[in-house]
Amino acid sequence: MIQLDLADIQGNIHRPYGRFGFPHSRHLFFNIAAAAAGRRFVQGVRPRVTTAEPWEKYEGPDGVTLLRKPPITLNIGFTFLGLHALDLPTRTLRLLPDEFIDGMGCRADILGDVGASAPDRWDPVWRYGPEARQGQVHVWVSLNVGANPDGSPLPVLEEWTGWLQGLAKKSGAVTLLGGHGCDGSALWQDSTAIMAPQPDGSKRPVPKEHFGFTDGISDPVFRGQFGPDAEALAAKGGGKIAEGPYDETTSWSALETGEFILGHVDEGQEFPVATEPQSFVRNGTFMAWRKLRQDVEGFDADIARQAKLWMQVNGTSDIEEAEETVRAKIVGRWSSGIPLLAAPTYADDRRLVAEFADCIEISLRKPRDSKEQQRLAEYARLLSSFRYGDDIDGAKCPLGAHIRRANPRDMLDPEISPTKGSSTLTNRRRILRRGLPYQDAGGERGVVFMVLCASLFRQFEFIQQQWMNYGLDFDAGNDTCPLIGNRAQSDKHVIPAGPASDSPFVAAGLPEFVTTRGGDYFFLPSLNAIRMIAMGTTDPT
Amino acid sequence: MPNLDGGHYFLTVLAPIRTDAVIDKIPGRSRSHRGGLAQKLALLATGRQTESSPKDAWASPFSRNLQNHLARFVIIDGPAFNGRVSGDTLLAVVRKTNPLTPQPVDRLTNPYLLFAADLDQAGDAEATLRSYTDQLWATMNKDLVEVFGHCVGFEGVDSAETFNAYIRRCQVETTMPFNDYWPDGLKVGDTALPTRPLVAAAVVAGGAVVLWVLAAILNGLLTALGAHDGLARMAASATAWGVLVAPLLVGVALLFVWGLYRWVVREGSKPFGTAPGSDLPSVLKSLFVQQQFTRFAIEAQGLADNELHSRFGAFLKAVQPAAATPAQPPGEVASPAVEWTR
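Going down the list, the protein sequences come from chains L and S.
Just so it is clear: in the first sequence, position 502 is 885 by this note's numbering, and no numbers are missing.
Just so it is clear: in the second sequence, position 245 is 1342 by this note's numbering, and no numbers are missing.
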C-alpha cells in the first residue's frame, strides 16, 4: 500500500470534479509580464488551491466532520513560458521535457492538429504568432462549482472570478487573457455538464457529452489513489492486466503511481523524467488542456447516412437499432456507456440498461448503504471490467473503435488468446482524463478535455499520434479514430461481421467530427512546488 | 566511531514528520505537516550570505549560540531509488528472471526531518549535548517549536529538559564524523600499532609449526627407510610432542592477536583530542585576525622600520590577537573592519 501526501497533490489529479458535484467549470488564463508580479499573483492564489485530501473523512473528537467538501475548487498550472516568466532557474527550465517546452501548438504535426484543427485557426487566445493580439498564455486557473437547483452555477463562481481578476490587477503585471470562443469575445472558457430537466422543473447534471455518449468511464487507476479495498475494486477494468492465464479476480492491479504523479516509481521501475530539483517535481504532473469542438449536427447526419446503408447491407429495418449500432461500433460503447464487449447487440444493451436502471439514480446521490454500494460496484464492473482476449477479431467491438484505440488493454499482446493476454505493452500509455462539455455563446459545442500524465510525450502524444490518428497497431492501416481522428489520410472505419451484423461494414467517407480549438501543455505543481514558485526559492543546485 | 570526536560533538537527529492533515476552518482546505515544515524551513533566516541578500536580513537563529559550527535541516521524503537493478542478461535468462516483475522498492511510511549539527565539546558526550540543547532552547525555542511541532511526538515539549529528552529520543549515532581541524596531520605517537610483538608472536607460532612439520617429514622418511637409531627416535617423539605443543603455541599466538585486535578497537573508539584552536570562539577569532591582518599588511607596504613598528603595535592593540574579543560575529560571512591608530 502506498500512502501519498494527498495534501501536497492538486485535487484535480485525483478527482474528476464533474462527478463530485461540481458540474460547472471555468478556465481562466493569465499572462505574466514581470516575474515579481507573477510570484505575487501565485502567492495570492496559493491558499485557495484545492488538494487531493479526501473530504468528509476526518472526524473531530465530538464527531464533527473536520474537512468538509468546499463549495468551489481551484487548481493552477503553468506553461513552460509561464515558468520562464516566473524566473525559474535555468537548470530547472532546461531540464523540462522537450514537448512541454515546445507547447501544444508546436506539436500540431504530432498531435494531428492539421487542417481545420491547425493552430492558426484556434481561438484567438491561443494564437501567439507575430500577429498575436495579446500575450502568451502563462498560467491556467480552473474553478469548479456546484449548481443551483435550476442548473445554474452557484454565485461563488462569480465571486471567485472577481477575486482572481482583482488579484491579477493588484499584482501589477498579470493580465487575464480574453480571446475565447471563435470570435474571441469571451474572457474565459466555461464548461458545464449537460443538464437533464427533472419532472419538478429542476435540472440535474448527467455524465454525457454532446454526441450523446456517457463519458468519463474507465479512467486508469494508480497505486495510492484510493484506499486498499477501493483500489482493488477500481483496478478491475481500470488497472493493468498481469501476464499468465486471465482471471478477473487476480489479473488486475493498479498501475504504478509514477505513470500519473511525478516523483514516484513508474511502470518502467524508475522515476519519471521531469526536471530538477526533485522537490519541485515531486507530486506534480503534466496536463494537456484541449478545447475540442464537436460537430454534433454533422455527426448525427452522418450516423443517419451510415445507418441507412447498414440496414441495406444487413437487411434490417429498425432505424433506431441501426443508428445506435453504428454509433456503438464507432465508439465501442453504447450511448448508455455499456461496452460492446458486455453487450454485443442492441437488444443486449437494452436488456442491461433495464437491468441496471436503478444504478444511474444511486450513483447521483449520497450517502449510500452497503447494498447500494455493492450494486454500483457491479455496475462499474459491467462498464469497465473486460478484455479484448474475448474479442480478438473485433467481431463485437471493431478493432478501430474509439475505446480500443484509447485504451487497447490486452489487445497488443502478441500472445493474446481467449485465456490469456497481458496489458504490458500498453501500461505506459495510459492517461487520466478530465473535463466537461462546453457550449459557447455562438452555439459552438464541444468538450474541454484535460489529459493528466507523467510524460505528455510517452503517454498523451503517443496515443494521439499512433492510436488516434493512425491505425497500424489495430491492423487498420492509415485509418484514424472514427470519432475524434482527423481525416487527412483516411476517412473510413471497418466494422467486422459479428453478433450485431451478418456482414462486414465499412463506414466510409466519414467527415471530421471533432476539431481542435486550442490548448496548451501545463505543469501542475505540487502545493510545495507552488510555494517554491511563489517564494522564488526553487534551487536545483 | 562515536558522536564525540576530535573535541567536537556530531549530532544527528531523525524526527518522523507527522502525516495527519492540518485542517483549516474554511471547508475543503487542508495542508500537510510536511508542506508546513518545508515552508517554515524556507523562511528560517540565513543572514547576509551574499551581496544580493537583503541589507537588513536577519541572522540565522543558530548564530545566537557559540557552540555550533554548522547546523542543517533536511526533509527526507524517501530512500534513494535508482531504478531496477539489472544484472547479466544471460544469467537472467538461465534463472528465468522476468524483467516485467517489479523489484521491491523501499518506501518510508512517513517523511523524516534530519537535523544535523557539529558542536564544540563541553564536558563528556552527555554534558555536551545537554549544554547545546539548553542553549538552543534558550535562544530559539519559538523556531524549534514551529519546526519540530510538525514532527511526531513533540507534544508536551515545553522546556529545555523536555526538548533535550526529545532530541535524545530521535538521535541516531553519528558513525562517520568528519573532522577538518588537523591541517598538519594528527601526531599518532605511542598509539602506533605495536607491530614488533606481533612479529614475535608470528615467529614463535609459525616456527613451532614449521619445526613440527619438518620433524613429521623426517619421521616419515626415516620410518620408510626402516631406521631405528637415535635420530629416528628423536624425530618420532618430536612429532608426537608436536601434536600437543604446536597447536598450543598457535593457540597462544592467536590469543595474543585477539588481544591486540581488542586493543586496536579500544584505541580506535577513544575520541581524538581537541585540535588546537578548533573551538568556535577560536575559529571566529582567527578569521577575524586573518582579515584584519590582511588589511594591515596592505597598508604597511613600504613603511619605514620605526613606522612599521609603531603601526604594528597599534594593530595589536586594536586586534588583541590573544584575547577572545574582538572577533568575527557568528553567522556572518566577513568581519567588520577595526581601526587602529596611524
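Yeah, the Cβ is synthetic: ideal placement off N, Cα and C, and Gly gets one too.
Within the continuous beta strand (DSSP E) that includes residue i, where are the two ends?
| i | result |
| --- | --- |
| Leu449/L | Premise fails: Leu449/L is in no beta strand (DSSP E) and is neither H nor E. |
| Cys742/L | Careful: Cys742/L lies outside any beta strand (DSSP E), inside the alpha helix (DSSP H) at 740 to 746. |
| Asp903/L | 897 to 907 |
| Leu815/L | 815 to 822 |
| Pro588/L | 586 to 589 |
| Phe669/L | 668 to 677 |
| Tyr771/L | Note, Tyr771/L: premise wrong, no beta strand (DSSP E); not H, not E. |
| Asp492/L | Premise fails: Asp492/L lies in the alpha helix (DSSP H), 491 to 494, not in any beta strand (DSSP E). |
| Ser408/L | 407 to 415 |
Looking at the C-beta of residue i, does it have a partner C-beta in chain S at a distance below 7 Å?
| i | result |
| --- | --- |
| Arg914/L | yes |
| Leu910/L | yes |
| Leu618/L | Reading off the sequence shown, one finds Ala at residue 618/L, where the question assumed Leu. Chain S contact via Cβ: absent. |
| Ala390/L | yes |
| Pro453/L | yes |
| Thr927/L | Coverage of chain L is limited to positions 384 through 924, which leaves residue 927/L absent and any answer about it impossible. |
| Leu449/L | yes |
| Glu436/L | yes |
| Glu541/L | no |
| Gln608/L | no |
| Gln426/L | no |
| Gln393/L | no |
| Val432/L | no |
| Thr475/L | no |
| Thr924/L | no |
| Thr807/L | yes |
Using a beta-carbon distance below 7 Å, is residue i in contact with chain L?
| i | result |
| --- | --- |
| Gln1114/S | Reading the sequence as shown, one finds Ile at residue 1114/S and not Gln. Cβ-Cβ to chain L under 7 Å: no for Ile1114/S. |
| Gln1232/S | no |
| Leu1210/S | no |
| Met1098/S | Low confidence applies to Met1098/S: its pLDDT is 48, below 50, so where it sits in the model is not reliable, and the reading given next is rough at best. So no, Met1098/S is outside the interface. |
| Ser1149/S | no |
| Gln1091/S | No answer is possible for residue 1091/S: the residues shown for chain S start at 1098 and end at 1439. |
| Ile1264/S | no |
| Gly1133/S | no |
| Ile1120/S | yes |
Note down, in chain order, each residue of its chain lying with its Cβ closer than 7 Å to the Cβ of residue i, except the 5 sequence neighbours on either side.
| i | result |
| --- | --- |
| Val432/L | Gln393, Leu457, Asn458, Ile459, Leu910, Ile913 |
| Gln849/L | Asp856 |
| Asp776/L | Pro879 |
| Met1098/S | The predicted model places Met1098/S with a pLDDT of 48, which falls under 50 and marks its position as unreliable, so this point remains unresolved. |
| Leu795/L | Leu808, Thr809, Asp856 |
Determine the extent of the alpha helix (DSSP H) in which residue i is found, giving its start and end residues.
| i | result |
| --- | --- |
| Ser838/L | First-last for Ser838/L: undefined, no H or E at that position. |
| Met1331/S | 1327 to 1366 |
| Gly621/L | 611 to 621 |
| Asp481/L | 481 to 485 |
| Asn1316/S | 1292 to 1322 |
| Asn395/L | 394 to 397 |
| Met915/L | 910 to 918 |
| Phe1390/S | 1377 to 1397 |
Using a Cβ-Cβ cutoff of less than 8 Å, which residues in the same chain neighbour residue i once the five nearest sequence positions on both sides are dropped?
| i | result |
| --- | --- |
| Thr434/L | Leu389, Ala390, Asp391, Ile392, Gln393, Gly394, Leu910 |
| Ile1172/S | Ile1114, Arg1131, Leu1134, Ala1135, Leu1138, Pro1208, Tyr1209, Leu1210, Leu1211 |
| Leu464/L | Gly486, Gln519, Val520, His521 |
| Ala551/L | Phe413, Phe424, Val557, Thr558, Leu559 |
Cβ of residue i versus every heavy atom of the ligand NAP: is any distance shorter than 6 Å?
| i | result |
| --- | --- |
| Ser886/L | Within the structure as shown, the ligand NAP is missing, as the structure has no ligands at all. |
Within a Cβ cutoff of 6 Å, which residues of the same chain sit near residue i, ignoring the five residues on either side of it in sequence?
| i | result |
| --- | --- |
| Leu704/L | Going by the sequence as given, residue 704/L is Glu instead of Leu. Only Tyr729 meet the Cβ criterion. |
| Val1254/S | Phe1260, Tyr1263 |
- Message: I'd like to know if the segment 500 to 508 of chain L and the segment 691 to 700 of chain L are in contact, where contact means that at least 3 CB-CB pairs between them fall below 8 Å.
- Response: no
- Message: In chain order, what are the residue ranges of uninterrupted beta strand (DSSP E) at least 3 long that sit wholly in the segment 1201 to 1280 of chain S?
- Response: 1209 to 1217
- Task: Pull out every residue of the segment 1158 to 1182 of chain S whose Cβ sits closer than 7 Å to any Cβ of chain A, in chain order.
- Result: Of the chains in the structure shown, none is chain A; the protein chains are L and S.
- Message: Does the segment 1129 to 1149 of chain S come into contact with the segment 1226 to 1235 of chain S, if we say contact requires no fewer than three beta-carbon pairs (one atom in each stretch) closer than 8 Å?
- Response: no
- Item | the segment 571 to 586 of chain L / the segment 399 to 418 of chain L touching (three or more Cβ pairs under 8 Å) | Taking 8 Å as the limit for Cβ pairs, the verdict is that the segment 399 to 418 of chain L does touch the segment 571 to 586 of chain L.
- Contact between the segment 1201 to 1221 of chain S and the segment 663 to 682 of chain L: three or more CB pairs below 8 Å? no
- Query: Is the segment 894 to 908 of chain L touching the segment 662 to 675 of chain L, taking contact as three or more C-beta pairs under 8 Å?
  - Reply: Enough Cβ pairs lie closer than 8 Å, so yes.
- Query: If you pair each beta-carbon of the segment 602 to 614 of chain L with each one of the segment 813 to 824 of chain L, do three or more pairs fall below 8 Å?
  - Reply: yes
- Item | Cβ pair count under 8 Å reaching 3, the segment 869 to 884 of chain L against the segment 438 to 445 of chain L | The way I'd put it, the segment 869 to 884 of chain L doesn't touch the segment 438 to 445 of chain L; fewer than three beta-carbon pairs between them come closer than 8 Å.
- Task: Report yes or no: do the segment 1174 to 1189 of chain S and the segment 1390 to 1409 of chain S share at least 3 C-beta pairs separated by less than 8 Å?
- Result: The segment 1174 to 1189 of chain S is not in contact with the segment 1390 to 1409 of chain S.
- At least three beta-carbon pairs within less than 8 Å, the segment 1101 to 1117 of chain S to the segment 1151 to 1163 of chain S: Remark: fewer than three beta-carbon pairs, one from each stretch, lie closer than 8 Å, so the segment 1101 to 1117 of chain S and the segment 1151 to 1163 of chain S are not flagged as touching.
- How do the segment 766 to 783 of chain L and the segment 858 to 867 of chain L stand: do at least 3 beta-carbon pairs fall below 8 Å, yes or no? yes
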